[in-house]
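J.:
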Amino acid sequence: MAEITLDHVTKRFPDGAEAVKDIDLEIADGEFVILVGPSGCGKSTTLNMIAGLEDITEGELRIDGKVSNDKTPKERDIAMVFQNYALYPHMTVRQNMAFALKIAKEDDDTINRKVEEAAEILDLKAHLDRKPANLSGGQRQRVAMGRVIVRDPSAFLMDEPLSNLDAKLRVQMRTEVSRLQKKLGTTTVYVTHDQVEAMTLGDRVAVMSGGALQQVGPPQELYEHPSNLFVAGFIGSPSMNFLPGNLESGTIKTPIGDIQLPDEKRKKVEDHSGKSQGVVVGIRPEDFEDAELVGDNRDRGQVISAEIDVLESLGSDKFAYFTVKGERAVAKQLEEIARDAGAEDRTTGDGIQVTARLDAASKAKEDAKVDIWIDVSKVHVFDPDTGKNLTL
Amino acid sequence: MAATNSTAKAKVGWGAANLIVVVAAAIPVLWLASLSFKDPSTLGDSRFIPAKWTLENYKGIFATSLFTRALINSIGIALIATFLAVVLGAMAAYAVARLNFPGKALLIAASLMIAMFPPISLVSPLFNLWRIIGLFDTWPGLIIPYLTFSLPLAIYVLSAFFREIPWDLEKAAQVDGATPFQSFRKIIVPLAAPGVFTTAILVFIFAWNDFVFAISLTSTTRARTVPAAIAFFTGTSQFTTPIGSIAAAAIVITVPIIIMVLIFQRRIVAGLTAGAVKG
């Protein structure tokens, strides 16, 4: 058991590139923290620095209060699950799990007992004498987990451990990992690029981009109060809709119509930025609703009219896609997200595509006009230059 | 593939092609075998099946120390050269595959260049040099040039193997608490075993077959290997040709190689293709 503290940790490669910039993160004993971000954001490098596989250029890493920058992985007493599992192919499952204990020169009885225990927990008992090549993906993944838990280390580090599994198995293993971590109560740092995994697994989620920490907090907080455009766009699926806007004395002119901010939000935005300026408006798909179904809440929001291009019915909800005339919102952080999603050129004609999540009872039809209500109390307003959320 | 091969016509075609290759490769060896069993008086009868079978040629070569001593030299020199090439090559290859160090590209280019060098061009300078420093006609005098030519090969083959081993395995071993040497010995070497076998066999064959260095850098039975010694064979009398003995000696040194390659064939093939396919 251990707490891990990253104190202004920076990683600079010999060519001068900064992979990780000045990260401050405190991980409490027993906590499950997720590092999430697009590929190349420095999350794996951060994990490797905690593991001791990469040197720390600047700053301090403390494990249990002790400075550990120069300690070997062995001395740090951490165990790691690798993305490709990194099972030793020439050893049986039993030998794989026992390897670390053998190196640590534990006696055979203890090793056997620990391996059997771990195999019991992970349902691997029947496979102990098989080689990794003869196991399925899910079983290999469990062996990788087993190799980690037999050691009973002070912390688990996991580097995208589920990304090699197929979708169904991934969901299943996700629950498994979560349950295991709760049961063992071991401090865990988990790296993933999948925001769904991040939201569902962690006690706290740390969003990274371009080597820097963007926001750290419980999943719900990140979702409801993203501190900047990057976090807002990265967390949530389908992702938040962004529209360019112009703030003019409390009203934001946007391509889908004028949005009148509630007083409280308007104050905050004006405190941050003055009375008038260009902004980016962010609205989550579920903050739209079919105007006919809103009922009493209608006053709280605003109604616009839209022609639906595509309607997807999922049974529980309907996703309505419509296009708004105008230029897309331009901001540096939005480009980063688009680049990661490989969607830099995804435009439908020259409009802005908006996704709305409507109630299943909605009577909206494709290619027909429908009144859509926007919950303005949930609207986010961002500064296009800094990306900062002005409504916080 | 199955579709193109399945027609009878294609089968016959491929079969014929294979037959031609096999025959072309096997005839000289079979002829040599036939010669080695012929009685000296029938050596020139141009018959494939010996008219008079005899083992005299084999008895003859083992009767004198010329051949037996050369055989010991050959085995000793080839084994030592193989061992050194594999050990040194493994370490160099590991560095080439895993580390980024200044001059790495230069090292690879230089070793490739050395492997391309025609051995014959080195013989005269080496002959003079070896005589001056006292390596002429010694085991090290042959082992060193063999290493020169086999190390680049060893480095190439082994580094291809090491590169195939995911780096994460070493990281995993490191996190599991293994020292670099422990992870090299317990993880890397066992996984690269096919590569080590492949390299060892290729180097052994190279050293075993070499004639140019062996004939030029030796003068007595002290270090002369079999390919060179065969050139010194004489007939039982001044008037008999030594062809029967030469054939017998050639068979004696070829057969072990063939057997070894057949035994390790699977490993070699697995080794030669391991660099190409992700497995």
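First to last, the sequence lines map onto chains G and D.
Sequential numbering from 604 applies to the first sequence in this note's numbering.
Sequential numbering from 144 applies to the second sequence in this note's numbering.
Note that CB positions come from ideal geometry on N, CA and C, so glycine has one too.
#1: Starting from G/P847, follow the beta strand (DSSP E) in both directions and report where the run begins and ends.
#2: Out of D/R241, D/V172, D/G246 and D/F270, which has the shortest C-alpha to C-alpha gap to D/F356?
#3: Quick check: is the beta carbon of G/M683 nearer than 8 Å to any beta carbon in chain D?
#4: Please name the residue, chosen from G/S919, G/D912, G/H828 and G/S842, that lies closest to G/L993 on a Cα-to-Cα basis.
#5: Whole angstroms is fine: what's the gap from G/T648's alpha carbon to G/A622's?
#6: Under three-state DSSP, which class holds G/Q742?
#7: Leaving aside the five residues before and after G/E701 along the sequence, list all residues of the same chain whose C-beta is less than 6 Å from its C-beta, in chain order.
#8: Closer than 8 Å by C-beta to G/L914: which residues in its own chain qualify, once you throw out the five before and the five after it? Chain order, please.
#9: How would you label D/G338, buried or exposed, when you count the other beta carbons within 10 angstroms and need 16 or more for buried?
#10: Three-state secondary structure (DSSP) at D/F191?
#11: For D/P193 and D/L186, I'd like the C-alpha separation in whole angstroms.
#12: Give a yes or no on whether the minimum CB-CB distance between G/L656 and chain D is below 8 Å.
#13: Within 10 Å of its beta-carbon, does D/G156 have 16 or more other beta-carbons around it, so buried, or fewer, so exposed?
#14: Please classify G/N844 as buried or exposed, where buried requires at least 16 other C-beta atoms within 10 Å of its C-beta.
#15: Around the C-beta of G/F730, are 16 or more other C-beta atoms found within 10 angstroms, so that it is buried, or is it exposed?
#16: List the residues of chain G that D/I330 touches, going by C-beta distances under 7 Å, in chain order.
#17: Measuring CB to CB, does D/F205 end up less than 8 Å from D/A372?
#18: Under 8 Å by Cβ, that's how I've got G/R745 and G/P735 pegged, so tell me the actual separation to the nearest angstrom.
#19: Counting Cβ pairs closer than 8 Å, one from the region 255–274 of chain D and one from the region 312–325 of chain D, do we hit at least three?
#20: First and last residue of the beta strand (DSSP E) that includes G/D762?
#21: State the beta-bridge partners of D/G203 as determined by DSSP.
#22: Is D/A321 close to chain G? Criterion is C-beta to C-beta, closer than 8 Å.
#23: Return helix, strand or coil for G/N831, following the three-state DSSP convention.
#24: Taking D/D280 as the query, report the chain G residues whose CB atoms sit under 8 Å from its CB, ordered along the chain.
#25: Please check if any C-beta of chain G sits within less than 8 Å of the C-beta of D/D311.
#26: Beta strand (DSSP E) containing G/Q817: first to last residue?
#27: Could you check what DSSP says for G/S965 in three-state terms: helix, strand or coil?
#28: Closer than 8 Å, CB to CB, is G/N687 near chain D or not?
#29: Would you decide whether D/S302 is buried or exposed? Buried here means 16 or more other CB atoms lie within 10 Å of its CB.
#30: By how many angstroms is the C-alpha of G/L656 removed from the C-alpha of G/C644?
#31: One question on the structure: do G/Y691 and D/I330 come within less than 8 Å of each other, judged by their Cβ atoms?
#32: Taking only beta-carbon atoms, is G/P676 less than 8 Å away from chain D?
#33: Can a CB atom of chain G be found closer than 8 Å to the CB of D/L242?
#34: Assuming G/A622 is part of the beta strand (DSSP E), what are its boundary residues?
#35: Is there a Cβ from chain D that is less than 8 Å from the Cβ of G/I653?
#36: Please report the straight-line C-alpha distance between D/G422 and G/P676, rounded to a whole angstrom.
T.: Quick answer:
#1: N844 to E851
#2: With distances taken between Cα atoms, D/F356 lies closest to D/F270.
#3: Interface residue, yes.
#4: If we check each option's Cα against that of G/L993, G/H828 comes out closest.
#5: 7 Å
#6: helix
#7: Residue identity differs from the one stated: residue 701 of chain G is Ala in this sequence, not Glu. Once the five neighbours on either side are set aside, the close Cβ partners of G/A701 are I714 and V718.
#8: K921, F922, A923, Y924, A967, K968 and E969
#9: When all chains shown are included, D/G338 counts as buried.
#10: coil
#11: 8 Å
#12: For G/L656, the answer is yes, since a Cβ of chain D falls inside 8 Å of its Cβ.
#13: exposed
#14: buried
#15: It should be pointed out that residue 730 of chain G corresponds to His in this sequence rather than to Phe. Classification of G/H730: buried, given that the 10 Å Cβ count is 16 or more.
#16: Y691
#17: In this structure, D/A372 does not lie closer than 8 Å to D/F205 by Cβ.
#18: The distance from the Cβ of G/R745 to that of G/P735 is about 11 Å, inconsistent with a contact at the 8 Å cut-off.
#19: no
#20: A758 to D762
#21: Bridge partners of D/G203 according to DSSP: none are assigned.
#22: Interface residue, yes.
#23: Of the three classes helix, strand and coil, the one that applies to G/N831 here is strand, per DSSP.
#24: Per Cβ cutoff of 8 Å: no residues; D/D280 is ~45 Å from chain G at best.
#25: yes
#26: From DSSP, the beta strand (DSSP E) with G/Q817 extends over A815 to G820.
#27: coil
#28: By this cut-off, G/N687 is an interface position.
#29: buried
#30: 18 Å
#31: Yes, the pair counts as a contact, with Cβ atoms nearer than the cut-off.
#32: Closer than 8 Å to some Cβ of chain D, the Cβ of G/P676 qualifies, so yes.
#33: no
#34: E621 to I630
#35: no
#36: In this prediction, D/G422 scores a pLDDT of 34, lower than 50, which makes its location untrustworthy; no coordinate-derived value is stated.
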